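Asks: Numbering (the working numbering), first residue to last: 47 to 131.
C-beta: ideal position from N, C-alpha, C; glycine also.
Bear in mind the structure is a predicted one, so any value in this text is a computation, not a measurement.
One structure is given below, represented as structure tokens, and several questions about it will come after.
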Amino acid sequence: MDKLLAAPKMPDKVRVMCVKCQTPFREKIKNIREGVQVQCPNCNRLITFSTDSADPGVQRAMTDARRIKNGMMLSINRPDQSFVG
Ligand SMILES: [Zn+2]
């Protein structure tokens with residue numbers, strides 16, 4: 047079904063830094079989107095992903111997830127390969 051997500055080297059998780067306990071954990075990219083809430087596995091703090099969030103850990107995670115979705119990491123490794131659309 048998700049053929050675009052089936053690239054073998056594409057990571058399916060990004061690192062999220064909890065602002066409460068400063069402990070990074072990995073969350074699935076598909077969960078890193080507007081309005082989704084996850085719980086820190088270390089301190090159980092509820093983290094809400096939002097582009098308007100003041101939480102730098104949330105901002106970083108959303109940026110990383112967007113970059114991976116857009117194939118930016120692959121394009122950096124393979125500059126001759128274009129990612130149009
Ligand atoms: Zn935490």
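Is it right to say Ala111 is buried, meaning 16 or more other beta carbons lie within 10 angstroms of its own, or is it exposed?
Replies: Taking the first residue of the sequence shown as position 1, residue 111 is located at position 65. Buried, since its Cβ has 16 or more Cβ neighbours within 10 Å.
Asks: According to DSSP, what are the bridge partners of Pro70?
Replies: Locating residue 70 in the sequence shown gives position 24, counting from the first residue. Answer is Met63.
Asks: So the candidates are Ala107, Gly117, Gln68, Pro87; which of them puts its Cα closest to the Cα of Met78?
Replies: Taking the first residue of the sequence shown as 1, we reach residue 78 at position 32. The displayed chain sequence assigns Ile, not Met, to residue 78. The residue with the shortest Cα to Cα distance from Ile78 is Ala107.
Asks: Do Asp101 and Val65 come within 8 Å of each other at the CB atom, strictly closer than that value?
Replies: To locate residue 65, count along the sequence shown from 1; it is residue 19. To locate residue 101, count along the sequence shown from 1; it is residue 55. Against a cut-off of 8 Å, the Cβ pair of Asp101 and Val65 comes out as a contact.
Asks: Which residues mark the beginning and the end of the alpha helix (DSSP H) in which Thr109 is found?
Replies: If you number the sequence shown from 1, residue 109 lands on position 63. That run of the alpha helix (DSSP H) goes 102–115.
Asks: Look at Gln83 and Ile93 and say whether their C-beta atoms are less than 8 Å apart.
Replies: Sequence index remark: in the sequence shown, residue 83 carries index 37 (1-based). Sequence index remark: in the sequence shown, residue 93 carries index 47 (1-based). Yes, the Cβ-Cβ distance between Gln83 and Ile93 is below 8 Å.
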